[in-house]
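Note that our numbering has the first sequence beginning at 1, numbered continuously upward.
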Amino acid sequence: MTVVCRFAPSPTGFLHIGGARTALFNWLFARHHGGRYLLRIEDTDRKRSTKEAIAAILDGLDWLGLDHDGEVVYQSQRAADHADAAQRLLEEGKAYRCYASQEELEEMRAAAKAEGRPMRYDGRWRDRDPAEAPVGVAPVIRLKMPQSGETAIEDAVQGKVTVANAQLDDMVLLRGDGSPTYMLSVVVDDQDMGITHVIRGDDHLTNAFRQHQLYKALGWAPPVFAHVPLIHGPDGAKLSKRHGALGVEAYRALGYLPEALRNYLLRLGWGHGDDEIFSTAQAIEWFDLDGIGRSPARFDFAKLDNLNGHYLREAEDSRLAGLVAERLGGTDEAGHARLVRAMPGLKARAKTVKELADNAEFYLAERPISVNEKAAKLLADGQPVLEKLLPELEALPAWEDDKLEALVRDFAEAQDIKLGAVAQPLRAALSGSNQSPGIFEVMAVLGREESLGRIKDRI
RNA sequence: GUCCCCAUCGUCUAGCGGUCUAGGACAUCAGCCUUUCACGCUGAAGACACGGGUUCGAUUCCCGUUGGGGACGCCA
C-alpha cells in the first residue's frame, strides 16, 4: 500500500508553528515511505477564510521547503460531493432531518450540564415523524450514531483509545442552508483523495471517534490516525503569541533559517536516540510515527536560537551575505563581496540573521562611521597609540590578515604595551564598537584604504 | 460539568523489568582558548510527581491521587 497523507489547514490566519510541525511530520512521513504528501485548504467557512491567509500558508510551507505532490485541493469547491454523501446517507436511513432550533439546542446543553450529563444533542428528531416538522424551518441533516456500545480507534501515536457511544451525539452533516460541515467534508475528501494516514494535532482526537462512525456509515475503511500532542508555551499552558505562537513568516522576520526551524520542530515531540542535528536526508530516513512522544512539549526559544546559530555557521557565506544585504536595504557588488569576505568572522557571533545583519552593518557604513559610547571611551584613551601605529600601517607592503597581525604584535612589543591596548582602540576606530570580529580580519576585509581612512578619522 | 489524553533534570528528550551510582542536547555555573565579543573545548550542578499493588526485582506493568492539557458548535 502506498502511503498518502495530507496537511489540511484552514485559512483563517497565518501558518502557525503547530501547523508547521504537523505539515513537517506529514511531509517527512510521506517521503520516508516513498508516498505522497498532499495539500488541502479547508476553506469551507467562507466568512473566515481569506485569500491573504491562503497566500501566507502557501508561502510559509514553501519557505520551509515542504513541497506537496499534486494540485492544491480547495475544500469549498467540493461541496457538491460532500452533500451527495449526506444525501446518500439520508436515503439509506443512516441520517435524518432535524428541525431543532438554536434555542432548543442551547436549552439541551444547559439542562445536560446542570444534571451532570454530557452536553449533547438528545436525538429528538431521530425517530420522529417528519410530518410533525414545523413549517418554514430548514432542517439540518444529522448522522444516526450508535446509541450503545463504544467506539475504539487504534491511534498510531496514542495507542488504543476508546469512548462510550453515549458520549457521542448525532452530529450535523449538512447545515440548514445545505452546506456541509467540517466533519463531513474531511471524511469525504480524505476518502476521495485516497488518504491512508491522517497525522494531525491532538485537538482532533475526539473528532476521530465521530469520523470513524461516519466512515462506517458510508461503508468506507477509515485511514490510520496519528494524533500528535500540541505544542505548549514555556508555562505549560496554551502557546501564546509572546511565547512563540507566531506565524512562520514571523520566525523568518526574526531571523531564523528554515532548516533550523525545521530541525527544532522535528525534535519537539519526536526523537531518534541521542541525535539532535538532522540533515533533510537523515530526517527522512529516520522519521516514523513510533518516534513521536505522547506528552505535549513546551516551546523553547533558547534551544531554537542555539540550533539557528549552528545552521548559521554551516550556511554558505554568499547566501548569508544575501540575507544580510536584504535586511540592510541592499548593497552593490562591492558591498556584497565585502560581506561575503566578512561572513566567516560574523557568523560565529550571531544566533539569528537579524543579529548577523546588526553586527555586519559597520562593514558597509560610510565614513566617518558612528561610534558607540564604549568605543568612544576606548578612542579617547587610545588615540596616541593609533597616531604612532598609523605610519607603520601605511608602510605595510601587503595588506593581509597575518601580515597585519605580525605588524601590530611587533608594534605592541616595541612600545612595551599589551596587545589589547592597541587592538581595542583599533577596533573602536574600525568598527565603531567595543565588540567585533577579530581585528586583523576586520582590517583585511575592509581593505587598506578604508581601514586607514577610518583610523585617520579618529586622529 | 462530562469524556479523552499526558506525567524522567528549568526545557527538549533517551530509557521499551535487572546493563540506572538514569544517558544526550539546550539553558545555567566554573575553567581553558583569547586583542573584545563570540565560536570551540573541558568540567560541575540538575530529574524518574505521590501512594498503593504485580514481581525475586520496578523509571519501565496495573490501579488510585495530584497536577497539566484537549474535546464537548448548523467553527475548522
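Idealized CB from N, CA, C, for every residue including glycine.
Please read these numbers as outputs of a predicted model, since none were measured by experiment.
Check                                                                                                                : Outcome
Anticipated Cβ contact below 8 Å, glutamine 213 with proline 258, distance rounded                                   : So it is not a contact: roughly 40 Å between Cβ atoms.
Opposing strand residues paired with valine 248 [DSSP bridges]                                                       : Answer is none; valine 248 lacks a bridge partner.
Other residues of its chain near cysteine 5: CB distance less than 8 Å, five sequence neighbours each side excluded  : Asn26, Phe29, Ala30, Gly35, Arg36, Tyr37, Leu38, Ile195, Thr196, His197, Val198 and Ile199
Cβ contact check for the segment 149-160 and the segment 200-211: 3 or more pairs under 8 Å                          : yes
Classification of glutamine 75 by the beta-carbon crowding that lies within 10 angstroms, buried from 16 upward      : buried
Spatial distance of lysine 456 from leucine 346 (CA atoms)                                                           : 25 Å
Proximal residues to aspartate 202 (C-beta, below 7 Å), its chain only, five neighbours per side dropped             : His227, Val228, Pro229 and Leu230
Inter-residue CB distance, glycine 382 and alanine 421 (contact presumed, cutoff 8 Å)                                : 7 Å
Burial state of lysine 418, where buried means 16 or more other Cβ atoms lie within 10 Å                             : exposed
Sufficient close CB pairs (3 or more, under 8 Å) joining the segment 264-280 to the segment 319-329                  : no
Run of the alpha helix (DSSP H) containing arginine 403, from where it starts to where it stops                      : First, the residue type needs correcting, since residue 403 is lysine and not arginine in the sequence shown. 401-415 is the extent of the alpha helix (DSSP H) around lysine 403.
Glutamate 392 beta carbon less than 8 Å from that of leucine 404                                                     : no
Distance between beta carbons of cysteine 98 and valine 142, contact taken as under 8 Å                              : Checking the sequence shown, residue 142 turns out to be arginine, not valine. With 8 Å as the limit, arginine 142 and cysteine 98 qualify as a contact, their Cβ atoms being about 5 Å apart.
Start-to-end residues for the alpha helix (DSSP H) that takes in alanine 283                                         : 280-286
Validate contact between the segment 111-131 and the segment 174-183 using beta carbons, cut 8 Å, 3 pairs            : no
Helix, strand or coil at threonine 352 [DSSP, three-state]                                                           : coil
Alpha helix (DSSP H) runs wholly inside the segment 13-70, at least 4 long, in chain order                           : 17-32 and 51-64
Leucine 323 and valine 353 closer than 8 Å at C-beta                                                                 : yes
Distance CB(glycine 247)-CB(alanine 56) smaller than 8 Å                                                             : yes
Integer-rounded CB distance, given that glycine 432 should sit under 8 Å from alanine 375                            : 6 Å
Spatial distance of proline 11 from glutamate 249 (CA atoms)                                                         : 15 Å
DSSP state of leucine 452 mapped onto helix, strand, coil                                                            : helix
Spatially closest choice to alanine 80 from Gly293, Thr44, Leu320 and Ser49, by CA coordinates                       : Thr44
Identity of the residues DSSP links to tyrosine 96 by a beta bridge                                                  : Arg142
Short Cβ contact (8 Å threshold) for leucine 174 with valine 140                                                     : yes
Reduced DSSP category for alanine 297 - H, G, I as helix; E, B as strand; rest coil                                  : strand
Buried or exposed (CB count within 10 angstroms, at least 16 for buried), arginine 40                                : buried
For alanine 357 and alanine 325, the rounded distance between their alpha carbons                                    : 8 Å
Beta carbon of isoleucine 17 nearer than 8 Å to that of alanine 245                                                  : yes
Alpha-carbon to alpha-carbon, aspartate 69 and aspartate 190                                                         : 15 Å
Neighbour-count burial assignment, serine 436, 16 or more Cβ in a 10 Å radius                                        : buried
Cβ shell of serine 370 (< 6 Å), same chain only, five flanking positions each side left out                          : Gly432
Other residues of its chain near alanine 348: CB distance less than 7 Å, five sequence neighbours each side excluded : Arg313
Separation of leucine 24 from leucine 64, as counted between CA atoms                                                : 9 Å
C-beta contact flag for tryptophan 399 and glycine 447 at 8 Å                                                        : yes
Aspartate 235, buried or exposed, once every other Cβ within 10 Å from all chains shown has been counted against 16  : exposed
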